[in-house]
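Peer 1: My questions all concern the structure below.
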Amino acid sequence: MICSELDCKLKDSVVNFLVNEMKLLEEGKCEEWLTLLTDDVSYTMETTLNSLHTKVEGKDISIFRDNKMSLSIRCEKSRTAYDWIETPPSKVRYHPSKVIIKGDQREVEVETSLLVYVYRNGKSQVISMLRKDTLSFTDGKLMLRRRKIEFDADIPDVVFSRIL
Numbered sequence: 016m017i018c019s020e021l022d023c024k025l026k027d028s029v030v031n032f033l034v035n036e037m038k039l040l041e042e043g044k045c046e047e048w049l050t051l052l053t054d055d056v057s058y059t060m061e062t063t064l065n066s067l068h069t070k071v072e073g074k075d076i077s078i079f080r081d082n083k084m085s086l087s088i089r090c091e092k093s094r095t096a097y098d099w100i101e102t103p104p105s106k107v108r109y110h111p112s113k114v115i116i117k118g119d120q121r122e123v124e125v126e127t128s129l130l131v132y133v134y135r136n137g138k139s140q141v142i143s144m145l146r147k148d149t150l151s152f153t154d155g156k157l158m159l160r161r162r163k164i165e166f167d168a169d170i171p172d173v174v175f176s177r178i179l
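The opening position of the sequence shown corresponds to residue 16 in the numbering used here, with each subsequent residue numbered one higher.
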């Protein structure tokens with residue numbers, strides 16, 4: 016992104032937001048991560064249909080459609096014995112590559128291509144995905160208002176146990 020296309024200060028704010036957010040998720044700091052979300056956040060993950068056909072029925076089926084309340088419940092659950100699928104916890108590392116930023120001082124659209132490395136119980140997984148985010152300023156602070164996650168291949172096992 017060339018700074019003349021987007022205010023350099025805004026671009027830096029967006030990049031810093033993304034880096035901080037990924038760090039919190041990697042470290043499992045779920046409660047802190049929740050503070051980066053607006054109260055009306057929409058957090059969705061669509062199914063991935065690997066089809067040669069351009070028109071596929073059921074394309075809008077979601078794996079999850081979360082809001083702040085359901086994300087808060089996920090965070091609470093991750094701290095209990097009921098989160099058996101994450102015992103022991105996975106080690107996760109985010110590797111963002113292409114980041115496209117468009118917007119202004121009110122709202123920013125961000126597309127991030129990501130590779131996510133997950134290691135658990137002697138098995139590793141590399142997940143390729145696209146995150147489409149809408150960030151907005153609330154009380155002068157950049158916050159996540161909407162996220163749509165799209166996988167480039169079949170749905171990995173880790174989807175059901177972690178916030179991506």
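Even glycine gets a Cβ: it sits at the ideal position worked out from N, Cα and C.
Roughly how many angstroms lie between the CA atoms of V114 and K92, to the nearest whole one?
Peer 2: 31 Å
Peer 1: I'd like the list of long-range same chain contacts for L25, defined as Cβ closer than 6 Å, with 5 residues on each side in sequence excluded.
Peer 2: Closer than 6 Å at Cβ, skipping near neighbours: no residue.
Peer 1: Which residues does DSSP pair with S85 in a beta bridge?
Peer 2: In DSSP, S85 forms no bridge with anything.
Peer 1: Cutting at 6 Å between CB atoms, please list the residues of its own chain near R135, excluding the five before and the five after it.
Peer 2: S105
Peer 1: Can you tell me whether DSSP reads K24 as helix, strand or coil?
Peer 2: Reduced to three states, the DSSP call for K24 is helix.
Peer 1: Who are the Cβ neighbours of I17 in its own chain at under 8 Å, not counting the five residues just before and after it?
Peer 2: Note that I17 scores 49 on pLDDT, short of 50, meaning its location in the model is unreliable; the coordinates nonetheless yield the value given after this. Around I17: no qualifying Cβ.
Peer 1: Could you tell me the alpha carbon to alpha carbon distance between D119 and P103, rounded to whole angstroms?
Peer 2: 42 Å
Peer 1: Mark R108 as exposed unless 16 or more other C-beta atoms lie within 10 angstroms of its C-beta, in which case mark it buried.
Peer 2: exposed
Peer 1: Considering just the uninterrupted stretch of the beta strand (DSSP E) at L159, what are its terminal residues?
Peer 2: 156-166
Peer 1: Check for me: the beta strand (DSSP E) holding E46 runs from which residue to which?
Peer 2: From DSSP, E46 is part of no beta strand (DSSP E) but of the alpha helix (DSSP H) over 45-49.
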